[in-house]
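Number of protein chains: 2
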Amino acid sequence: MAAKASRKPLSRQRVLAAAVGLADAQGIQALTMRRLAAELDVEAMSLYYHLRDKEALLDGVVETVIAEIVAAVGRLEANGGRTDWRTRLRQQFLTARDVMLRHPWAPVLLGSRRTIPADVYTYYDEIVGTLVAAGFSYHLAHRALHAFGSLPLGFAQELFSPASAGGSMEDDAAEADAAAMAETLPHLTAMMAAEIHDAADPTLGWCDGQVEFEFTLDLLLNGLERLHG
Amino acid sequence: MAAKASRKPLSRQRVLAAAVGLADAQGIQALTMRRLAAELDVEAMSLYYHLRDKEALLDGVVETVIAEIVAAVGRLEANGGRTDWRTRLRQQFLTARDVMLRHPWAPVLLGSRRTIPADVYTYYDEIVGTLVAAGFSYHLAHRALHAFGSLPLGFAQELFSPASAGGSMEDDAAEADAAAMAETLPHLTAMMAAEIHDAADPTLGWCDGQVEFEFTLDLLLNGLERLHG
DNA sequence: TGTCCTTACCTTACATCGTATGGTTACCTT
DNA sequence: AAGGTAACCATACGATGTAAGGTAAGGACA
Numbered sequence: 022m023a024a025k026a027s028r029k030p031l032s033r034q035r036v037l038a039a040a041v042g043l044a045d046a047q048g049i050q051a052l053t054m055r056r057l058a059a060e061l062d063v064e065a066m067s068l069y070y071h072l073r074d075k076e077a078l079l080d081g082v083v084e085t086v087i088a089e090i091v092a093a094v095g096r097l098e099a100n101g102g103r104t105d106w107r108t109r110l111r112q113q114f115l116t117a118r119d120v121m122l123r124h125p126w127a128p129v130l131l132g133s134r135r136t137i138p139a140d141v142y143t144y145y146d147e148i149v150g151t152l153v154a155a156g157f158s159y160h161l162a163h164r165a166l167h168a169f170g171s172l173p174l175g176f177a178q179e180l181f182s183p184a185s186a187g188g189s190m191e192d193d194a195a196e197a198d199a200a201a202m203a204e205t206l207p208h209l210t211a212m213m214a215a216e217i218h219d220a221a222d223p224t225l226g227w228c229d230g231q232v233e234f235e236f237t238l239d240l241l242l243n244g245l246e247r248l249h250g
Numbered sequence: 022m023a024a025k026a027s028r029k030p031l032s033r034q035r036v037l038a039a040a041v042g043l044a045d046a047q048g049i050q051a052l053t054m055r056r057l058a059a060e061l062d063v064e065a066m067s068l069y070y071h072l073r074d075k076e077a078l079l080d081g082v083v084e085t086v087i088a089e090i091v092a093a094v095g096r097l098e099a100n101g102g103r104t105d106w107r108t109r110l111r112q113q114f115l116t117a118r119d120v121m122l123r124h125p126w127a128p129v130l131l132g133s134r135r136t137i138p139a140d141v142y143t144y145y146d147e148i149v150g151t152l153v154a155a156g157f158s159y160h161l162a163h164r165a166l167h168a169f170g171s172l173p174l175g176f177a178q179e180l181f182s183p184a185s186a187g188g189s190m191e192d193d194a195a196e197a198d199a200a201a202m203a204e205t206l207p208h209l210t211a212m213m214a215a216e217i218h219d220a221a222d223p224t225l226g227w228c229d230g231q232v233e234f235e236f237t238l239d240l241l242l243n244g245l246e247r248l249h250g
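Protein chains in written order, with my numbering: chain A, 22 to 250; chain B, 22 to 250.
This is the structure we're talking about:
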């Protein structure tokens, strides 16, 4: 069959790349199995050989976008020499924003996903590492992470919704071997440990949505009050 | 027919209330026309007498949630006497958060909607009013609005995505008669006017996503730097 | 060389979804 | 009694995700 012979074979990567392209071009609602398959010159069911179902497709799509951010941020680190934590984080967040602006549908999608790609944790681990290296306590670094909210990734959902205000970050992480986690996410691990240890009421867990929310709120209100004078 | 006679007639309000309830109980993905109809002991097509289509349903659902926030905030105003802008906004945002925690699906839904309910503008108008009454310039109030991001409503999308970074707020507003808008949204109207007038490059429009983003970023970084000492 | 297995893709079919079209029923007005 | 209107329903269609099983191509091994 000429058509079949003349095209490159599918692969998870190729399918995901096409999916991102389709969403960019036609919007996320145009990302259906049949349309994606057509884009790849293939029948819909063929996609199921490379992806379990549509949920897996969407997971893969967010994963791809996050990878794009991580790569862009990594390029920053490689080029720019050492700088202070402020300009460093500033550049990182602006870079992330740049990427997200290229995929306007991504923040909402990311916010609506149930499971968070591993790369996100790596990314946040780096942020905590930057802060701690600059002399921040783990406690303040933790608060900072919440305060940043949607800035690092263009969406705030995970730190807001009940699914993880008291939850998903820890649960997801708990699935992995604690030792392995300490290796790949050293700063986050240390931060969690420090926070649990310091907590006045350890039964609350180490993330209390209400407390974080109020901290962020006051941080902003203080800043505005100062500008207002 | 006994079944028909024994039940209350439908209405837009009743349908929307049932929709919110269904989303609360079973998640937003369970909100289908058929399931919603079943919940109301009615056939799916009957819903179309009260709502044009599913988009209108979803618009109505966000509208309902926003109304719940506005009502709760209004109750605050009625009870508590006059207080300074800080505690006022603080209470408002915490109240909004309370409501959103009761509808965990709402922020994502709100963030993915194309049109923003009018109540949102009313709500933001009040916030600007509070700031200006406290002596803030329109310029700083504008920046503050962006900086608050997801705090007032639990989602940050509208201020982030290209759809409105340079757009939707103004476009939507432009639809309405300018005079009517000046009446119902006096502070927002004044703010827009002041900002357009002050803008160095008026061709940019009065919302420049990049500038707002960096302002928020620096506000947070400054605050953290100060806490870090 | 012939048999068989694995990989990659396809055909068919079905449940569920939103909704266009066109009834049908109950009630109100006159 | 006649007609009109408001509210609801039956049927049907196209789109979607996907289960179940089929098929073609290439290598493994005899």
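Virtual Cβ for every residue (Gly too), placed ideally from N, Cα, C. Note that this is a predicted model, so its numbers are computed, not measured.
(request) Consider the Cβ of A:V63: report whether some Cβ of chain B lies at a distance smaller than 7 Å. (result) For the purposes of this step, residue 63 of chain A is taken as residue 42 along the first sequence, with counting starting at 1. It does not: the Cβ of A:V63 has no partner Cβ on chain B nearer than 7 Å.
(request) Could you tell me whether any Cβ in chain A is nearer than 7 Å to the Cβ of B:L97? (result) Taking the first residue of the second sequence as position 1, residue 97 of chain B is located at position 76. No, B:L97 does not count as interfacial toward chain A.
(request) Would you kindly work out how many angstroms separate the C-alpha atoms of A:A162 and A:H208, rounded to a whole number? (result) Your numbering for residue 162 of chain A matches position 141 in the first sequence. Your numbering for residue 208 of chain A matches position 187 in the first sequence. Using only the alpha carbons, I get a separation of about 10 Å.
(message) Please list, in chain order, the chain B residues whose beta carbon lies closer than 7 Å to that of A:R118.
(response) As a first step, residue 118 of chain A must be located in the first sequence, where it is residue number 97. F234, listed in chain order.
(request) Please check the pair A:A117 and A:I90, which I expect to be a contact at CB under 8 Å, by giving their CB distance rounded to whole angstroms. (result) Sequence index remark: in the first sequence, residue 117 of chain A carries index 96 (1-based). Sequence index remark: in the first sequence, residue 90 of chain A carries index 69 (1-based). Indeed, because the Cβ distance is near 5 Å, the residues count as touching under 8 Å.
(request) Please confirm whether A:V254 and A:L130 have their CB atoms less than 7 Å apart. (result) Not covered by the structure: residue 254 of chain A. The range shown for chain A is 22 to 250.
(request) Just the C-alpha distance for B:R28 and B:L172, rounded to the nearest angstrom, thanks. (result) Counted from its first residue, the second sequence places residue 28 of chain B at position 7. Counted from its first residue, the second sequence places residue 172 of chain B at position 151. Spanning the two alpha carbons is a distance of roughly 41 Å.
(message) Against chain A, with Cβ distances strictly below 7 Å, would B:H208 count as a contact?
(response) Taking the second sequence and counting its residues from 1, the one referred to as residue 208 of chain B is at position 187. Chain A contact via Cβ: absent.
(request) Could you work out which residue in A:G101, A:A155 and A:F114 is closest to B:Q231 when comparing CA atoms only? (result) Mapped onto the second sequence, residue 231 of chain B falls at position 210. Among A:G101, A:A155 and A:F114, the Cα nearest to that of B:Q231 belongs to A:F114.
(message) Do B:I49 and B:W126 have their beta-carbon atoms positioned less than 7 Å apart in this structure?
(response) Start at 1 with the first residue of the second sequence, and residue 126 of chain B comes out as number 105. Start at 1 with the first residue of the second sequence, and residue 49 of chain B comes out as number 28. It is a contact, given that the beta carbons lie within the stated cut-off.
(message) Here's the rule I'm using: 16 or more other beta-carbon atoms within 10 Å means buried, otherwise exposed. How should A:A200 be labelled?
(response) Working through the first sequence from its first residue, we reach residue 200 of chain A at position 179. With fewer than 16 other Cβ atoms within 10 Å, it is exposed.
(message) Just to confirm, is the Cβ distance from A:I87 to A:V41 under 7 Å?
(response) As a position in the first sequence, residue 87 of chain A is number 66, starting the count at 1. As a position in the first sequence, residue 41 of chain A is number 20, starting the count at 1. Going by C-beta atoms, A:I87 is not nearer than 7 Å to A:V41.
(message) Using only CA atoms, which one of A:E235, A:H160 and A:L248 lies nearest to A:M213?
(response) Residue numbering aside, residue 213 of chain A sits at position 192 when the first sequence is read from its first letter. Check the Cα spacing between A:M213 and each of A:E235, A:H160 and A:L248: the tightest is with A:H160.
(message) How far does the alpha helix (DSSP H) with A:W106 in it extend, from its first residue to its last?
(response) Stepping through the first sequence from its first residue, residue 106 of chain A is reached at position 85. From DSSP, the alpha helix (DSSP H) with A:W106 extends over W106 to R123.
(message) Using only the alpha-carbon positions, how far apart do A:A59 and B:L166 sit?
(response) Taking the first residue of the first sequence as 1, we reach residue 59 of chain A at position 38. Taking the first residue of the second sequence as 1, we reach residue 166 of chain B at position 145. Computed Cα separation, rounded: 44 Å.
(message) Quick check on this structure: which residue in A:L241, A:L240, A:H249 and A:F234 has the alpha carbon closest to the alpha carbon of B:L122?
(response) Counted from its first residue, the second sequence places residue 122 of chain B at position 101. Of the listed residues, the one whose Cα sits closest to B:L122 is A:F234.
(message) Quick check: the Cα distance between B:A168 and A:D74, rounded to an integer number of angstroms?
(response) Position 147 of the second sequence, counting from 1, holds the residue named residue 168 of chain B. Position 53 of the first sequence, counting from 1, holds the residue named residue 74 of chain A. Between B:A168 and A:D74, the C-alpha separation is close to 39 Å.
(message) If you reduce the DSSP assignment to three classes, tell me which class A:S189 lands in.
(response) Within the first sequence, residue 189 of chain A is the residue found at index 168, counting from 1. At A:S189 the pLDDT is 46, less than 50, meaning the model places this residue with poor confidence; the figure from the coordinates comes in the next sentence. In the structure shown, A:S189 adopts helical secondary structure according to DSSP, grouped into three states.
(message) Judging by CA-CA distance, which residue of B:Q47, B:D45, B:M66 and B:A46 is the nearest neighbour of B:R55?
(response) Taking the first residue of the second sequence as 1, we reach residue 55 of chain B at position 34. When only C-alpha atoms are compared, the closest one is B:M66.
(message) For a cutoff of 7 Å on Cβ pairs, would you count A:R107 as touching chain B?
(response) As a first step, residue 107 of chain A is located in the first sequence; it is residue number 86 there, counting from the start. Taking Cβ atoms only, chain B reaches closer than 7 Å to A:R107, which makes this a yes.
(request) Give a yes or no on whether the C-beta atoms belonging to B:R109 and B:T143 are separated by under 7 Å. (result) Your numbering for residue 109 of chain B matches position 88 in the second sequence. Your numbering for residue 143 of chain B matches position 122 in the second sequence. Their beta carbons are not under 7 Å apart, which means B:R109 does not touch B:T143 by this criterion.
(request) Name, please, each residue of chain B whose Cβ falls closer than 7 Å to the Cβ of A:A165. (result) Counted from its first residue, the first sequence places residue 165 of chain A at position 144. In chain order: L245.
(request) Could you tell me whether the Cβ atoms of A:A39 and A:L61 are closer together than 7 Å? (result) Position 18 of the first sequence holds residue 39 of chain A. Position 40 of the first sequence holds residue 61 of chain A. Taking 7 Å as the Cβ cut-off, A:A39 and A:L61 qualify as a contacting pair.
(request) Step through the CB atoms of chain A and report whether any lies within less than 7 Å of the CB of B:H249. (result) Numbered from 1 along the second sequence, position 228 holds the residue referred to as residue 249 of chain B. With 7 Å as the cut-off, B:H249 counts as an interface residue toward chain A.
(message) Looking at the secondary structure, which residues open and close the alpha helix (DSSP H) in which A:R35 lies?
(response) The residue you call residue 35 of chain A lines up with position 14 of the first sequence. Residues R33 to Q47.
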